[in-house]
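In this note's numbering, the protein residues as written are 24 to 197.
Encoded structure:
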């Protein structure tokens with residue numbers, strides 16, 4: 024019986040994955056635009072929602088935008104979504120827009136997930152990962168709270184409670 028050391032197939036896969044992640048992070052930092060920060064303009068984007076409509080961040084000026092990067096396979100992303108639905112229902116008539124930016128998944132998977140769970144805010148798919156790179160997203164969920172003038176007022180990497188979402192939304196509404 025042969026015992027595999029950490030240098031076997033699993034080690035090679037881990038090494039390849041690590042090199043890929045490091046490479047993507049380095050490439051993300053090679054662009055001309057600075058990393059999005061609180062107090063600075065949010066990078067503009069144009070994506071398509073699940074109904075086939077074009078969604079442009081610049082067209083949402085005058086609204087507070089809660090921009091959430093997520094994926095259907097991400098347990099922390101799924102865990103915060105019921106709170107996001109509650110927040111959407113409470114704030115949808117108060118010039119607040121929630122946009123869920125799914126990362127690199129098939130349309131059918133996202134449509135099924137949204138329909139089965141009854142989520143009603145806007146969902147778009149970042150099919151090539153460019154928007155995530157523009158926002159320097161290194162983990163999901165990642166959220167950006169953008170004021171009516173397009174300035175990032177708060178951000179969060181990792182899942183949030185409803186309380187935290189409301190506090191960060193309040194920062195963007197000030």
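By construction, the Cβ of each residue, glycine as well, lies at the ideal position given by its N, Cα and C atoms.
*So what does DSSP say about residue 166, is it helix, strand or coil?*
For the purposes of this step, residue 166 is identified with residue 143 of the chain shown, where counting begins at 1. If DSSP states are grouped into helix, strand and coil, residue 166 belongs with the strands.
*Where does the unbroken beta strand (DSSP E) through residue 125 begin, and where does it stop?*
Within the chain shown, residue 125 is the residue found at index 102, counting from 1. Counting along the chain, the beta strand (DSSP E) containing residue 125 begins and ends at 119-126.
*Among all the DSSP beta bridges, which residues are the ones paired with residue 186?*
Taking the first residue of the chain shown as 1, we reach residue 186 at position 163. Paired residue(s): none; residue 186 is not in a bridge.
*asked:* When you compare the CB positions of residue 121 and residue 93, do they come within less than 9 Å of one another, or not?
replied: Within the chain shown, the letter at position 98 stands for residue 121. Within the chain shown, the letter at position 70 stands for residue 93. Contact flag unset, no.
*Considering residue 68, what are the terminal residues of the beta strand (DSSP E) in which it resides?*
Your numbering for residue 68 matches position 45 in the chain shown. Note, residue 68: premise wrong, no beta strand (DSSP E); not H, not E.
*Would you call residue 192 buried or exposed, if buried means 16 or more other Cβ atoms sit within 10 Å of its Cβ?*
Within the chain shown, numbered from 1, the residue matching residue 192 stands at position 169. Around the beta carbon of residue 192, 16 or more other beta carbons lie within 10 angstroms, which makes this residue buried.
*State the start and end residues of the unbroken alpha helix (DSSP H) segment that holds residue 130.*
Stepping through the chain shown from its first residue, residue 130 is reached at position 107. From DSSP, the alpha helix (DSSP H) with residue 130 extends over 130-140.
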